[in-house]
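A short worksheet on the structure shown next.
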Amino acid sequence: MMSQKKCESTIQKGGEMKKGEKIYEGKAKIVYKTDDPDLFIQYFKDDATAFDATKRGTIIGKGVVNNKVSAKLFELLESKGIPTHFVKLLSDREMLMKRLKIMPIEVTVRNITAGGMSKMLAIEEGIVLKEPVLEYHYKRDDLHDPLFNEYHIKALGLATDEELDRVDTLSFEINEILKAFFSERNLDLVDFKLEFGKHKERILLGDEISPDTCRLWEKGTRKKLDKDRFRRDLGGIEEAYQEVYKRVMG
Ligand code: TMP
Numbered sequence: 002m003m004s005q006k007k008c009e010s011t012i013q014k015g016g017e018m019k020k021g022e023k024i025y026e027g028k029a030k031i032v033y034k035t036d037d038p039d040l041f042i043q044y045f046k047d048d049a050t051a052f053d054a055t056k057r058g059t060i061i062g063k064g065v066v067n068n069k070v071s072a073k074l075f076e077l078l079e080s081k082g083i084p085t086h087f088v089k090l091l092s093d094r095e096m097l098m099k100r101l102k103i104m105p106i107e108v109t110v111r112n113i114t115a116g117g118m119s120k121m122l123a124i125e126e127g128i129v130l131k132e133p134v135l136e137y138h139y140k141r142d143d144l145h146d147p148l149f150n151e152y153h154i155k156a157l158g159l160a161t162d163e164e165l166d167r168v169d170t171l172s173f174e175i176n177e178i179l180k181a182f183f184s185e186r187n188l189d190l191v192d193f194k195l196e197f198g199k200h201k202e203r204i205l206l207g208d209e210i211s212p213d214t215c216r217l218w219e220k221g222t223r224k225k226l227d228k229d230r231f232r233r234d235l236g237g238i239e240e241a242y243q244e245v246y247k248r249v250m251g
């Protein structure tokens, strides 16, 4: 049985996990230890950055939207058999997650041309691709997250063949699940970025899935309801995040 002391130290009012030492602060999130070495707490900030943090701002309420939207999407994916790091929501801005050793690879999946792909190949935005495109980017802000391929990844020992196969399979499955989910909410999933990591030798989906990490366009009008409103100074940023929140949670 858990002693009274142990119980007090791990569980706060409302059954929340106690936040321990801050172990990492990123541009949009802070990660804290808990009393359980296998569990971390992820705190979502309102801070927004773009272009490797050369552009900075605040999107009021973004942390709450991204935390709750991510939680809802992780639960959806888990229900369809995708293993994620998500354990449970703790508060408006915090979720409990399994400790991951994150792979230094950002996986981007694209359904419609936009952003980096349009720029790199000089293709207009908005062309529906014949099939999804999967890209790997090396997670290195100092190098601007360069595009690289499976040969680089394997040769550098960042992942094995089997691990990359698993990452690819999960990423394409996630795309199908999320595309259908957003489509029911009158949104086109243009593209998104995923991060995977290892927990006890198992590959789990990590990080977040939110308007920061997805491009979401309203069907028909193609109105941008994601971080591109901040990146491109389009205005109506907070409203766009709230609109996604309403559609996802509603
Ligand atoms: P990109 O077109 O700029 O490569 O972005 C592809 C997707 O990845 C887009 O939905 C936004 C997301 N993304 C991130 O989550 N973090 C980043 O640092 C960047 C550049 C893009």
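Residue numbers (the numbering used here): 2 to 251. Every residue gets a Cβ at the ideal spot worked out from N, C-alpha and C, and that includes glycine. All values derive from a computational prediction rather than experimental measurement.
Rounded to whole angstroms, the Cβ separation of residue 53 and residue 145 is 6 Å, and the two are in contact under 8 Å. Remark: the shortest separation between the CB of residue 216 and any heavy atom of ligand 1 falls under 7 Å.
Here residue 148 is near residue 138, since their CB atoms are less than 8 Å apart. With contacts defined by Cβ atoms closer than 8 Å, residue 29 and residue 48 form a contacting pair. Three or more beta-carbon pairs drawn from the stretch 204-218 and the stretch 226-237 are found closer than 8 Å, and the two stretches are therefore classed as touching.
Excluding five sequence positions before and after residue 24, the CB atoms of its chain that fall closer than 6 Å to its own CB belong to 32, 34, given in chain order. Of the heavy atoms belonging to ligand 1, none sits nearer than 7 Å to the Cβ of residue 64. Linking residue 61 to residue 234 through their CA atoms gives a straight-line distance of about 15 Å. In the structure shown, the three-state DSSP call for residue 229 is helix. For residue 94, same chain residues with a beta-carbon under 7 Å away, outside a window of 5 residues either side, are 44, 45, 64, 65, 68 in chain order. Take residue 244, set aside five residues on each side of it, and the residues of its chain with a beta-carbon closer than 8 Å to its own are 226, in chain order.
Contact annotation, residue 246 with residue 110: C-beta distance approximately 22 Å; criterion of less than 8 Å not satisfied. Going by DSSP, residue 138 is part of the beta strand (DSSP E) stretching over 129-139. With three or more CB-CB distances shorter than 8 Å, the stretch 165-173 counts as touching the stretch 127-138. Nearest C-alpha to residue 178 among 18, 81, 19: 81.
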